[in-house]
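Notes for the one structure printed next.
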Amino acid sequence: FHQNEVDELTSKIYQAIDNLKLKDADYTPVSNALDQKETLGNLDDYTDESLEVLDKAIASIEANIKIDEQAKVDKMAQDILDAIDSMVLKTANYAEVNNAIEVSQNIQRMNYKDVTTLDAIIDNIDWTIDIRHQSDVDAIAQSIYDAMGNLELKNADYTSVDIAIGKATQKIETSEYDFTDETINAL
């Protein structure tokens with residue numbers, strides 16, 4: 001080889017070096033993380049705050065990252081997985097339970113023989129049931145209504161009525177004056 005051939009060969013090697021292109025980063029971890037999102041089911045069941053964190057993690061995905069920044073892609077995947085792991089389900093709707101409790105508070109408790117079943121249901125309500133188990137919460141409300149429907153009234157105490165009738169009878173019978181038929185009939 002002559003020097004100019006060696007110089008040309010060297011120049012071509014440097015050009016080839018300058019033209020080396022990095023492979024794309026492996027986005028498999030990101031794809032797998034996005035697949036995990038599908039396991040969440042109905043996203044409407046989750047709090048808005050949870051969804052915002054997940055949406056932010058997904059929105060932060062950058063495309064076309066090269067292999068020398070694989071750690072960046074891996075972090076994007078981990079951020080998505082972390083957001084999925086921290087998803088918080090909405091609490092079930094307890095409005096009907098609250099209505100049932102309010103109705104139960106307005107009954108005249110002293111008029112019933114036993115309200116312990118009703119009280120036990122109300123005292124043992126699990127207020128942490130999530131939206132996926134709304135039917136369980138609805139059943140709690142129904143059990144409160146059922147317990148109220150099963151309450152037995154106490155027998156009335158007529159002692160005071162009997163005393164009053166006795167006094168009226170005594171007054172009529174022992175009075176030296178006559179009373180009108182109208183006022184006697186009113187008794």
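Residue numbers 1 to 187, in the working numbering, belong to the letters of the sequence shown in order. All residues carry an ideal CB built from backbone N, CA and C; glycine is no exception. Everything numeric in this text was worked out from a predicted model, so none of it was measured.
In the DSSP output, what is residue i paired with across the bridge?
i      : result
Leu89  : Tyr46
Tyr112 : Leu153
Lys66  : Asp24
Asp130 : Thr91
With a cut-off of 8 Å on the beta carbons, I'd call residue i and residue j a contact; round off their distance for me.
i      : j      : result
Gln134 : Ala92  : 5 Å
Val73  : Ile65  : 5 Å
Ile80  : Ala120 : Contact flag wrong, Cβ pair sits at about 45 Å.
Ala141 : Val97  : 5 Å
Met224 : Leu54  : Nothing about residue 224 can be read from this structure; the chain reaches only from 1 to 187.
Ile144 : Val137 : Rounded, the Cβ-Cβ distance is 11 Å, inconsistent with contact.
Ala25  : Glu69  : 6 Å
Compare the C-alpha of residue i against each of the options and name the closest.
i      : options                         : result
Ala186 : Thr174, Ser175 and Thr169       : Thr169
Arg109 : Lys154, Asp126, Ile67 and Ala77 : Lys154
Glu152 : Val115, Lys167 and Ile184       : Val115
Ala184 : Gln15, Ile172 and Ala164        : Reading the sequence as shown, one finds Ile at residue 184 and not Ala. Considering only alpha carbons, the answer is Ile172.
Ala156 : Tyr112, Trp127 and Ile131       : Tyr112
Leu89  : Asp68, Leu43 and Glu52          : Leu43
Determine the extent of the alpha helix (DSSP H) in which residue i is found, giving its start and end residues.
i      : result
Asn185 : Asp181 to Ala186
Asp18  : Gln3 to Asp18
Glu173 : Thr159 to Thr174
* Asked: Is the segment 47 to 66 touching the segment 98 to 108 in the sense that three or more CB pairs, one from each, lie closer than 8 Å?
  -> Pairwise C-beta distances place the segment 98 to 108 out of contact with the segment 47 to 66, as fewer than three of them are shorter than 8 Å.
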